[in-house]
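Asker:
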Amino acid sequence: MAEKKDDISPRQGFKPENRKKLTQRELNMLDPTERGRYLAYEDPPKSAAAAMDSCRKRVQDRMRSQKESQRRETTINEDSVKYSQLIGQLKAAEARNRLRIMRLQYQNSRAEEVKHLISCQPTAIQAVRLQAMVPPTQDRKNPGDRVDKLERARIECILEDEQGLTINRDLT
């Protein structure tokens, strides 16, 4: 009995067997139903065992090849994901560069327009006033408006004064 336990591998577990061994003659004398029950617990014939082994090997080989192809696909997918991320980063950098160039072009054209407007003023004082109010280039440190409401009202009053009565002083 100890020999049978050693023959069973731990992977297979419990293997049911018939209690008594029947000869071929006794087996042929059984009913087909009883014969089927008896043969269900017997070892399969060598040809059937060989066929089962070959099927098991085919299934294992197929599973192994599927795992390998899946592993290859995942590495290909990872490579394509890395490549697409790299392409996305390059496109984003190009877009940032285009925006920077467009911003610089706008600032340059604006500065040229302001300089042209300043140079086209009929008098020098009007040119100085316009240059003080509208600088050709923006202040990078403080791009916001530095003029409060009171100062803005005073500046508008000075600009509207065509005769110069507001800024001209009579010191006599």
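Reading the sequence shown from the start, the letters are residues -4 to 167 in the working numbering.
The beta carbon of each residue, even a glycine, is placed where N, CA and C say it ideally should be.
Assuming Leu154 contacts Arg124 under a Cβ cut-off of 8 Å, what Cβ separation, rounded to an integer in Å, is found between them?
Answerer: 6 Å
Asker: May I have the straight-line CA-CA distance separating Ser79 from Leu85, to the nearest angstrom?
Answerer: 10 Å
Asker: Suppose you measure from the CA of Asn92 to the CA of Asp143; what does that come to, to the nearest Å?
Answerer: 36 Å
Asker: By how many angstroms is the C-alpha of Tyr36 removed from the C-alpha of Gly8?
Answerer: 15 Å
Asker: Hey, would you say Gln102 sits closer than 9 Å to Gln133, going by beta carbons?
Answerer: yes
Asker: When the Cα atoms are used, what is the spatial distance from Ile50 to Ala43?
Answerer: Ile is not the amino acid found at residue 50; the sequence shown has Cys there. Going from the Cα of Cys50 to the Cα of Ala43 covers about 10 Å.
Asker: Return the CA-CA distance between Gln65 and Met58, expressed in angstroms with no decimal places.
Answerer: 10 Å
Asker: Do you know how far the Cα of Val76 is from the Cα of Thr69?
Answerer: Their Cα atoms are separated by approximately 10 Å.
Asker: For Lys122, which residues in the same chain have their Cβ closer than 6 Å to its Cβ, ignoring the five residues on either side in sequence?
Answerer: According to the sequence shown, residue 122 is Ala rather than Lys. Cβ neighbours of Ala122 beyond the five flanking positions: Ile113 and Gln116.
Asker: Quick one: what's got a C-beta closer than 8 Å to Pro11's C-beta in the same chain, skipping five residues either side?
Answerer: Counting only Cβ-Cβ distances below 8 Å, and skipping sequence neighbours, we find Tyr36.
Asker: As a quick exercise: from Met97, Leu160 and Ala127, pick the residue whose alpha carbon is nearest that of Val109.
Answerer: When each option's Cα is compared against that of Val109, the closest is Ala127.
Asker: What's the C-alpha gap between Glu73 and Met97?
Answerer: 36 Å
Asker: Would you kindly work out how many angstroms separate the C-alpha atoms of Asn13 and Leu22, rounded to a whole number?
Answerer: 13 Å
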